[in-house]
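S.K.:
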């Protein structure tokens, strides 16, 4: 078994990349349709309006791509969790348990101070991939516990 674990959500990343591309295309098509009068009023759509619409599409796509950000990396020394917003770098000795409860959307790290850290990189929707990643993280956690007892 490898002594390091790297996991990212699979299904959520695919959906995020596809949805971001679709949003940019849709906003660009809408922007290309903005021309002429704005309605009954005296205003006219101009190039700046089109550029602003494309810019909004790009901003929306970047927000969607945040869903592809989660990642977890772990080795014998600890675990580094990067979620949509925020990240954690935890040594194994502060982690009490690695849990992936039935019905939970993602894996969690239970800490000794009764805090919980969500690991959004390991998501239930990824099924077998998520289960394997959870097992590998648990194995690293267990190995760190036994090595700290031996020392």
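In full-length UniProt numbering, the protein residues as written are 1 to 151. For glycine and all other residues, C-beta sits at the position ideal for the given N, C-alpha and C.
Is the region 64-84 touching the region 110-124 in the sense that three or more CB pairs, one from each, lie closer than 8 angstroms?
M.R.: With the cut-off at 8 angstroms, the region 110-124 and the region 64-84 touch.
S.K.: Drop a sphere of 10 angstroms on the beta-carbon of residue 14, count the other beta-carbons inside from all chains shown, and report buried for 16 or more, exposed for fewer.
M.R.: Exposed.
S.K.: At which residues does the beta strand (DSSP E) containing residue 6 begin and terminate?
M.R.: Residues 5-7.
S.K.: In three-state terms, what does DSSP make of residue 123?
M.R.: Residue 123 falls in the strand class under three-state DSSP.
S.K.: Does residue 74 pass the burial test, meaning 16 or more other C-beta atoms within 10 Å, or should it be called exposed?
M.R.: Classification for residue 74: buried.
S.K.: Fully enclosed by the region 21-69, which alpha helix (DSSP H) runs are 4 residues long or longer?
M.R.: List check, alpha helix (DSSP H) in window: 47-65.
S.K.: Excluding the 5 residues preceding and the 5 following residue 108 in the sequence, name in chain order all residues of the same chain whose CB lies nearer than 7 angstroms to its CB.
M.R.: Only 99, 116, 117, 118 and 119 meet the Cβ criterion.
S.K.: Quick check on the DSSP output: the beta strand (DSSP E) that includes residue 108 runs from which residue to which?
M.R.: Segment 106-111, the beta strand (DSSP E) holding residue 108.
S.K.: By Cβ distance below 6 angstroms, which residues in the same chain neighbour residue 60 in space, the five residues on each side in sequence not counted?
M.R.: Counting only Cβ-Cβ distances below 6 angstroms, and skipping sequence neighbours, we find 23.
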